[in-house]
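Remarks on the structure that follows.
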Amino acid sequence: MIHQKPNARSNDELWQEWKLERRHEAKQALIESYVPLVEYVASRMAVNLPKSVSKEDLIGFGAMGLIDAVDKFDYKRGLQFETYASWRIRGAIIDGLRQNDWVPRSVREKARRVEEAYQKLEQQRMRSVTDEEMAAYLNMKESEFRQVLQEISFASLCSFDDPIKDEESETRLSLMVDEKAKNPEYTVNELFLKETLAKAIDKLTEKERTVVSLFYYEELSLSEIAEVMSLSPSRISQLHSKAILRLRGALGRLKPQLMEGS
1 MIHQKPNARS NDELWQEWKL ERRHEAKQAL IESYVPLVEY VASRMAVNLP
51 KSVSKEDLIG FGAMGLIDAV DKFDYKRGLQ FETYASWRIR GAIIDGLRQN
101 DWVPRSVREK ARRVEEAYQK LEQQRMRSVT DEEMAAYLNM KESEFRQVLQ
151 EISFASLCSF DDPIKDEESE TRLSLMVDEK AKNPEYTVNE LFLKETLAKA
201 IDKLTEKERT VVSLFYYEEL SLSEIAEVMS LSPSRISQLH SKAILRLRGA
251 LGRLKPQLME GS
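All residue numbers for the sequence shown refer to UniProt numbering, where the first residue is 1 and numbers rise by one.
Here you go:
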């Protein structure tokens, strides 16, 4: 539970002063009241990132996401600002990590190869493929394939926040969040995407579905999930990588249709 800093005026009053009267002191007060949310999101993400990544850097990136969230949030829609801001903060942190190239190009290339392999094999066979089948397709030993999954775990964590369409900000991950009152022009595509994502999740193995649920819905860290599932952190990392690459593959097949409909 995130506790905001106490403020003499209620947040409802501050939102009205900022959005209706454009009082910048109200905007600053809102930002200051939600700073703990930035620290919370950064701390949760830091657990799953390499030790070389500074938590202070994450907080700095996340602060930009909070400012963006305060600018763009429509308090009249009845949404929880904490939920909206959390995804903006997370997205800003991911963007900051990408811009600073925390993921080596070689790792990104491995992630792309595995994603394409999942997409092709599972489309051909109309089912989830095994590690053995993936390793054979990629011309490597099964142990080597698992090592690759371990190496690309950070890349797969970031890549699920990539835009569905290159020129827009809607991400695959945003489809996993329950949001209300979307703009009408997004309704048809969004329903189609959510249906496809739901079917893709159903095709994951039981362990992969559990990891996705605990990580994205319950917001547990990978190490916490390892404790819950009585598996090693490296095994959880592999399961997460496989699940996300499979989901990316399933949604990636829709990209040409989305581009045609845009």
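We put the beta carbon where it would ideally sit given N, CA and C, even for glycine.
- Residue state for L222 is assigned as helix, using DSSP reduced to three classes.
- Where F145 is concerned, the enclosing alpha helix (DSSP H) starts and stops at 142–151.
- With three or more CB-CB distances shorter than 8 Å, the region 51–62 counts as touching the region 93–111.
- Fewer than three beta-carbon pairs drawn from the region 20–37 and the region 45–57 are found closer than 8 Å, and the two stretches are therefore not classed as touching.
- Residue range 11–19 is occupied by the alpha helix (DSSP H) that includes E17.
- DSSP places Y34 in the coil class of the three-state scheme, outside both helix and strand.
- Exclusion of the five residues before and after K141 leaves A135 as the residues of its chain whose Cβ lies within less than 8 Å of its Cβ.
- Classified as exposed, Q80 has fewer than 16 neighbouring CB atoms from the shown chains inside 10 Å of its CB.
- In this structure, the CA atom of L149 is about 7 Å from the CA atom of K242.
- R88 sits close to D68, with the two beta carbons spaced by under 8 Å.
- Collapsing the DSSP output to three states places F61 in a helix.
- Here R23 is near E17, since their CB atoms are less than 8 Å apart.
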